[in-house]
Ligand SMILES: NC(=O)c1ccc[n+]([C@@H]2O[C@H](COP(=O)([O-])OP(=O)(O)OC[C@H]3O[C@@H](n4cnc5c(N)ncnc54)[C@H](OP(=O)(O)O)[C@@H]3O)[C@@H](O)[C@H]2O)c1
């Protein structure tokens with residue numbers, strides 16, 4: 277053995293070559309296996325808004341062969357410069373990869389875009405990272421099944437600049453068939469940490485929209501407060517330290533005020549702050565906005581929610597009791 281390996285280097289490489297050839301032959305002898313291997317580091321990205329572009333960039337940075345389609349061709353220019361392959365027809369882009377990542381404004385556009393290439397969807401796995409509702413997602417799953425495509429839904433909780441950056445606070449909710457998720461998880465991890473919510477396809481969107489609700493409601497409240505300050509010709513900046521102080525207090529509200537427990541157990545402790553007292557304050561926020569000639573639709577809708585809950589007999593309970601009105605409204 278030593279003579280072959282060390283005294284005769286040509287023989288050594290020859291033997292190693294034979295061993296590798298046998299292994300590779302074994303692996304590639306089935307056409308299916310070969311084509312799967314070739315597909316593994318390919319991805320098709322449909323939709324090149326800010327998010328789709330960041331998604332495509334992340335895959336290019338990881339050495340993937342990235343196929344692209346977007347209604348507006350010019351949005352692919354930089355990506356093509358970096359090695360992406362643009363297809364002028366969506367069917368060609370879909371044909372190139374097994375994994376199809378979709379990033380469009382909403383589910384209506386998802387159908388507008390994909391209906392042109394339904395015959396190319398057989399055997400593909402579509403991962404839709406576009407915003408939608410859980411019900412829209414369930415319908416899309418049924419629709420894709422008609423054409424033999426697998427489906428994962430995702431709600432990406434990462435702003436475009438952080439996609440692919442492995443920020444510990446960045447993650448994407450996913451739901452859908454667990455076996456399909458397991459198979460593609462490593463590819464999806466290129467974008468962010470994955471947070472799989474379960475087999476029921478609508479779950480990722482449920483978590484995603486619950487998160488967006490916090491975002492939209494918070495930003496609106498924050499901006500309205502700055503507008504109240506600005507209405508007195510005071511720079512919004514003057515309120516910044518107080519805003520910061522309140523934001524520092526929020527973790528206490530979320531973690532220590534037992535909101536989830538109170539909602540789960542339907543016990544709404546009003547011993548320190550009753551809803552009746554909060555309603556009086558909410559009316560003043562509405563009136564202050566009205567006096568300042570600002571739009572008061574958001575404070576007013578909060579006031580109405582508090583009022584209705586007090587009317588239902590929860591005045592001595594805590595603010596969390598508004599969930600009783602929210603639930604009833606949704607029923
Ligand atoms: N941006 C973010 O911070 C962020 C963060 C998390 C999640 N998301 C989600 O990611 C998804 C994409 O976000 P984005 O910021 O990239 O959104 P966007 O700017 O709305 O991008 C939309 C994409 O949809 C395409 N599109 C819109 N209308 C179309 C139509 N009628 N026909 C064909 N294509 C159409 C656009 O094509 P054209 O280029 O031709 O207009 C573009 O590719 C959204 O669902 C969003 O909720 C975004």
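Residue numbers (this note's numbering): 277 to 607. For glycine and all other residues, C-beta sits at the position ideal for the given N, C-alpha and C.
- Of the residues assessed, residue 555 falls on the buried side of the cut-off, its CB having 16 or more other CB atoms within 10 angstroms.
- Closest option to residue 582, judged by alpha-carbon separation, among 560, 441, 516: 560.
- Unbroken beta strand (DSSP E) runs of no fewer than 3 residues, entirely contained in the stretch 355-419, are found at 375-378, 401-404, following chain order.
- One residue list follows from the rule of a beta carbon closer than 7 Å to any heavy atom of ligand 1, given in chain order as 323, 324, 325, 326, 327, 328, 346, 347, 348, 351, 379, 380, 381, 382, 385, 388, 389, 405, 406, 407, 432, 433, 434, 435, 436.
- Beta-bridge annotation (DSSP): residue 590 is not paired with any residue.
- Contact annotation, residue 398 with residue 427: C-beta distance approximately 13 Å; criterion of less than 8 Å not satisfied.
- In the structure shown, the three-state DSSP call for residue 465 is coil.
- A straight line joining the alpha-carbon of residue 553 with that of residue 603 spans about 22 Å.
- Between the C-alpha atoms of residue 381 and residue 592 there is a straight-line separation of about 43 Å.
- Excluding sequence positions up to five before and after residue 425, its CB lies within less than 6 Å of the CB of 397, 400, 402, all in the same chain and listed in chain order.
- Contact between the stretch 464-476 and the stretch 499-509 is absent, with fewer than three C-beta pairs closer than 8 Å.
- Counting only unbroken stretches of 4 or more residues, the alpha helix (DSSP H) elements lying wholly within the stretch 438-495 are 454-464, in sequence order.
- In this structure, the straight-line span from the alpha carbon of residue 569 to that of residue 507 is close to 8 Å.
- Spatial neighbours of residue 327 in its own chain (CB-CB distance under 8 Å, excluding positions within 5 residues in sequence) are listed in chain order as 379, 405, 432, 436, 439.
- Sixteen is the threshold: when 16 or more other Cβ atoms of the shown chains lie within 10 Å of the Cβ of residue 550, as they do, the residue is buried.
- Less than 8 Å separates the beta-carbon of residue 344 from that of residue 362.
- Taking a C-beta distance under 8 Å as the contact criterion, residue 475 and residue 511 do not qualify as a contact pair.
- Around the beta carbon of residue 342, 16 or more other beta carbons lie within 10 angstroms, which makes this residue buried.
- In the structure shown, the three-state DSSP call for residue 423 is coil.
- Listed as beta-bridge partners of residue 321 by DSSP are 344, 377.
- Closest option to residue 599, judged by alpha-carbon separation, among 542, 571, 566: 542.
- With respect to residue 450, residue 471 sits close: the two C-beta atoms are nearer than 8 Å.
- With 16 or more other CB atoms across the displayed protein chains lying within 10 angstroms of its CB, residue 434 is buried.
- Taking C-beta atoms as the reference points, residue 597 and residue 585 count as a pair closer than 8 Å.
- When DSSP states are grouped into helix, strand and coil, residue 429 belongs to the strand group.
- In summary, residue 348 is exposed, with fewer than 16 beta-carbon neighbours lying within 10 Å of its beta-carbon over all protein chains present.
- Judged by beta-carbon spacing, residue 477 lies within the 8 Å limit of residue 413, meaning their Cβ atoms are closer than that value.
- Relative to the Cα of residue 529, the nearest Cα in the group 595, 587, 442, 580 belongs to 595.
- When secondary structure is reduced to three states using DSSP, residue 350 falls in the helix class.
- For residue 339, no alpha helix (DSSP H) encloses it, and the DSSP letter there is neither H nor E.
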